[in-house]
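Q:
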């Protein structure tokens, strides 16, 4: 979720317990980047001591005296969005970006500033990353385990195996309202069998999201991965990778390629395979208080394993992340859209959703000299958006699916999510919106019905001869915590869902289709194999709640008839924990938030709300009181709590978290013990 969208939260301290809570000069830390823009929420955080005192100026209380009934204003300065494509801090409308000859010099200064400020943050996270790598090092052999569909995630990578009928899913992230989970799991989806397999390989890359993955056919198939980011459990700090890995698909082995002169640490960048090279463009790097977006271009030779930085001639795209990058049939590289932020004044950032397009062309067929050219394609272009997903069809047409468009106002941010599909024909330099024909079986049935119509039959009874009206489909999903998530879709006549449900004598393949397209989403994963487009996961927002998806759809790009649902969204996977509930909910959450243990995550689909009584934690003895249990197991909980809050946390906070975790485990275990006695 994006942070509170207003810069100021103004409300009255009307409740008696608010009076006198704050003293003169009280300062709060910057709140989490996610949370409802609800004054009651922030007061609750304040009263329960989860916003710590600090001698800084992150968040100021505007008044020094606090009496019941007074107007209190808390100023929350802008913070970085969790996603590179989302606006989070607004500037005044109509204020244009300033450009000048000193842009490159300014960018260099900003990069140095960001690097300096982010160094300490990354050092803090390196210890956590090293901890997870130690756990990964315990894997000594390759294991392949059939499993249910992967848990919900976004900003992962989905790639088509170059030789087998398989899709490869790696990494990603998940946010449950309180904690951020990071993954480095590797899943294989068998297209023929329709089954998932979890593949554990020794020495994998560290957990990450917003990386880039490229498949090449060399050596029986290779999956190349560069960069990405690791987020702390509270989503406050980020570590940006600059490492390069290759997964040898034939031997199922990971290898880290160590080569100097490559891109700096970043996420949200884009990378493609061009001849026997990897070409990388853009991305961003952020620390708690600063950020920088890139427009540089690097190449990596698959022959020499060396990086080179290109200096293309001509005016190129401005710095950005999350853009389209694809190789055209003519050998050029297309760049379209993306997202960037620019600081317009102190503590105010302006987000830009780009819609321009450029071609990066090699000069005279060479590989060392390149030229930027801006192009303005014809046709029906995608509406302005960010967070869209990209894939390339067998005929080299470029596919753009979904995304989100944020409408900014002074104190409001509304996101409109999409599930439409656009196609860019590079040969004609033309955009067009994909139109689905609908299943042929339905058309034939309509024709037969029309021929056999009895006289006097109404248009409604026969399916009608006029153009059908758009159909609004409302789907409600109830999560385990009882929250009802409503997904609305407007299905056009040229789209899906307007046909009647299949009859009993329809084929199995027709019956397996739900007649519904993927719901609107951003940050989904796309892949194309044998002319079929696959869409997996992503996210959308329902009010203050972020819904992360784990469904899987496919579309035949040759027939362009209808989407087929391969894996439906599982309501049980839609966990959402309100920030105000507690930051120390349960021990299983504490462990998972640090990055998520693969084995624990694999079993999550079978776990229920009673997961708190984790067998890995010390068991509660019969008749044992909480004080006795805590005294006996305190070291266990202190270790877990310290791993969660980080090495720099004060001992008082570590102790508070440890006690809350122990209490949650004890409370969950007591009813089970009582029931066992009977």
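Residue numbers (the numbering used here): 556 to 1233.
The beta-carbon is built from N, C-alpha and C at its ideal position, and this holds for glycine as well.
#1: Looking only at its own chain, which residues have a Cβ that is under 6 Å from the Cβ of residue 1153, when we skip the five neighbours before and after it?
#2: In this structure, does DSSP put residue 687 in helix, strand or coil?
#3: Along the beta strand (DSSP E) that carries residue 1189, what are the first and last residues, could you check?
#4: Where do the ends of the beta strand (DSSP E) carrying residue 746 lie?
#5: Using 8 Å for Cβ pairs, my map puts residue 955 next to residue 932. What's the rounded Cβ distance?
#6: According to DSSP, is residue 1221 part of a helix, a strand, or is it coil?
#7: Identify whether residue 701 lies in helix, strand or coil by the three-state DSSP scheme.
#8: Taking only the alpha-carbon atoms, compute the straight-line gap between residue 821 and residue 848 and give it to the nearest angstrom.
#9: At the level of alpha carbons, what is the spacing between residue 757 and residue 806?
#10: Opposite residue 939 in the DSSP bridges: which residues?
#11: Identify every residue that forms a DSSP beta bridge with residue 1097.
#12: Quick check on residue 875: does DSSP put it in helix, strand or coil?
#13: What residue range is occupied by the uninterrupted beta strand (DSSP E) comprising residue 856?
#14: Keeping to the same chain, check which residues put their C-beta closer than 7 Å to that of residue 710; ignore five residues upstream and five downstream.
#15: DSSP has residue 1177 in a bridge; who is on the other side?
#16: DSSP state of residue 767, grouped into three classes?
#17: What does the Cβ neighbour count give for residue 690, buried or exposed, with the cut at 16 atoms within 10 Å?
#18: Along the beta strand (DSSP E) that carries residue 883, what are the first and last residues, could you check?
#19: Residue 1072 and residue 1118 look like a contact to me (Cβ under 8 Å); what is the Cβ gap, rounded to whole Å?
#20: Tell me, which residues are paired with residue 896 by DSSP?
#21: DSSP three-state call for residue 954: helix, strand or coil?
#22: Is it the case that the segment 818-834 contacts the segment 877-886, given that we only count it when at least three CB pairs across the two stretches are under 8 Å?
#23: Between which residues of its own chain and residue 895 is the CB-CB distance below 6 Å, once the five residues before and five after are set aside?
#24: Taking the alpha-carbon of residue 1103 as reference, which of 1120, 1216, 946, 1128 has the nearest alpha-carbon?
#25: Looking at the unbroken beta strand (DSSP E) that takes in residue 1131, where does it start and where does it end?
#26: Report the option in 865, 1092, 761 whose CA atom is closest to the CA atom of residue 942.
#27: On the DSSP bridge assignment, give the partners of residue 1084 in chain order.
#28: State the Cα-Cα distance for the pair residue 698 and residue 754, rounded to the nearest angstrom.
#29: The beta strand (DSSP E) with residue 803 in it runs from where to where?
#30: By DSSP, does residue 1092 sit in helix, in strand, or in coil?
#31: In this structure, does DSSP put residue 1203 in helix, strand or coil?
#32: The beta strand (DSSP E) that contains residue 828, what's its start and end?
#33: As a quick exercise: from 1111, 1098, 759, pick the residue whose alpha carbon is nearest that of residue 976.
#34: State the Cα-Cα distance for the pair residue 985 and residue 935, rounded to the nearest angstrom.
#35: Could you tell me if residue 860 is buried or exposed, where buried requires 16 or more neighbouring beta carbons within 10 angstroms of its beta carbon?
#36: Any chance the segment 766-786 sits against the segment 705-721, with 3 or more Cβ pairs inside 8 Å?
A: With the structure as the only source:
#1: Along the chain shown, read from residue 1 onward, the residue named residue 1153 stands at position 598. Interpretation of residue 1153 is limited by its pLDDT of 42, a score under 50 that renders its predicted location unreliable; no figure is taken from the coordinates.
#2: Taking the first residue of the chain shown as 1, we reach residue 687 at position 132. The DSSP-derived three-state label of residue 687 is helix.
#3: The residue you call residue 1189 lines up with position 634 of the chain shown. First-last for residue 1189: 1181-1200, but that is the alpha helix (DSSP H), not the beta strand (DSSP E).
#4: To locate residue 746, count along the chain shown from 1; it is residue 191. Taken as a continuous stretch (DSSP letters only), residue 746 belongs to no beta strand (DSSP E), as it is neither H nor E.
#5: Taking the first residue of the chain shown as 1, we reach residue 955 at position 400. Taking the first residue of the chain shown as 1, we reach residue 932 at position 377. About 12 Å separates the beta carbon of residue 955 from that of residue 932, a gap too long to meet the 8 Å contact definition.
#6: Walking along the chain shown from the start, residue 1221 turns up at place 666. Looking at residue 1221 - three-state DSSP - the assignment turns out to be helix.
#7: In the chain shown, residue 701 corresponds to position 146, counting from 1. The answer is strand: DSSP assigns residue 701 an E or B state.
#8: Here the question's residue 821 lines up with position 266 in the chain shown. Here the question's residue 848 lines up with position 293 in the chain shown. Counting only the Cα atoms, residue 848 lies some 9 Å from residue 821.
#9: Numbered from 1 along the chain shown, position 202 holds the residue referred to as residue 757. Numbered from 1 along the chain shown, position 251 holds the residue referred to as residue 806. Approximately 12 Å between the Cα atoms of the pair.
#10: The sequence position of residue 939 within the chain shown is 384, counting from 1. Beta-bridge pairing links residue 939 to no other residue.
#11: As a first step, residue 1097 is located in the chain shown; it is residue number 542 there, counting from the start. Answer is 1100.
#12: Stepping through the chain shown from its first residue, residue 875 is reached at position 320. When DSSP states are grouped into helix, strand and coil, residue 875 belongs to the coil group.
#13: Looking up residue 856 in the chain shown gives position 301. Unbroken beta strand (DSSP E) run through residue 856: 846-856.
#14: As a first step, residue 710 must be located in the chain shown, where it is residue number 155. The answer, listed in chain order, is 727, 728, 764, 765, 1078.
#15: Taking the chain shown and counting its residues from 1, one reaches residue 1177 at position 622. DSSP, once it has assigned bridges, lists no residue as partnering residue 1177.
#16: Taking the chain shown and counting its residues from 1, one reaches residue 767 at position 212. In the displayed model, residue 767 falls within a strand according to three-state DSSP.
#17: Locating residue 690 in the chain shown gives position 135, counting from the first residue. So residue 690 counts as exposed.
#18: Within the chain shown, residue 883 is the residue found at index 328, counting from 1. Judged by DSSP secondary structure, residue 883 falls outside any beta strand (DSSP E); it is assigned neither H nor E.
#19: Within the chain shown, residue 1072 is the residue found at index 517, counting from 1. Within the chain shown, residue 1118 is the residue found at index 563, counting from 1. Between residue 1118 and residue 1072 the Cβ distance is about 5 Å, and since that is below 8 Å, they are a contact.
#20: Here residue 896 is taken as the residue at index 341 of the chain shown, counted from 1. Checking the DSSP bridge columns, you'll see residue 896 partnered with 906.
#21: Numbered from its first residue, the chain shown carries residue 954 at position 399. If DSSP states are grouped into helix, strand and coil, residue 954 belongs with the strands.
#22: Taking 8 Å as the limit for Cβ pairs, the verdict is that the segment 818-834 does touch the segment 877-886.
#23: As a position in the chain shown, residue 895 is number 340, starting the count at 1. So the list reads 848, 874, 875, 907, once near-sequence residues are dropped.
#24: Here residue 1103 is taken as the residue at index 548 of the chain shown, counted from 1. With respect to the C-alpha of residue 1103, the residue from 1120, 1216, 946, 1128 having the closest C-alpha is 1128.
#25: The count along the chain shown starts at 1 and reaches residue 1131 at position 576. Neither: residue 1131 is in no beta strand (DSSP E) and is coded neither H nor E.
#26: Along the chain shown, one-based indexing puts residue 942 at 387. From the listed residues 865, 1092, 761, the smallest Cα separation to residue 942 is found for 1092.
#27: In the chain shown, counting from the first residue as 1, residue 1084 sits at position 529. BP columns for residue 1084 point to 1087.
#28: Locating residue 698 in the chain shown gives position 143, counting from the first residue. Locating residue 754 in the chain shown gives position 199, counting from the first residue. Whole-angstrom Cα-Cα distance: 6 Å.
#29: In the chain shown, the residue the question calls residue 803 occupies position 248. Element bounds for residue 803: 799-803.
#30: Your numbering for residue 1092 matches position 537 in the chain shown. In the structure shown, residue 1092 sits in a strand (DSSP, three-state: E or B).
#31: As a first step, residue 1203 must be located in the chain shown, where it is residue number 648. Residue state, collapsed to three classes: coil.
#32: Position 273 of the chain shown holds residue 828. Per DSSP, the unbroken beta strand (DSSP E) holding residue 828 starts and ends at 825-829.
#33: For the purposes of this step, residue 976 is taken as residue 421 along the chain shown, with counting starting at 1. Closest option to residue 976, Cα to Cα, is 1111.
#34: Residue numbering aside, residue 985 sits at position 430 when the chain shown is read from its first letter. Residue numbering aside, residue 935 sits at position 380 when the chain shown is read from its first letter. Spanning the two alpha carbons is a distance of roughly 8 Å.
#35: Along the chain shown, read from residue 1 onward, the residue named residue 860 stands at position 305. With fewer than 16 other CB atoms across the displayed protein chains lying within 10 angstroms of its CB, residue 860 is exposed.
#36: A contact is defined here as three or more CB-CB pairs under 8 Å, and the segment 766-786 meets this definition with respect to the segment 705-721.
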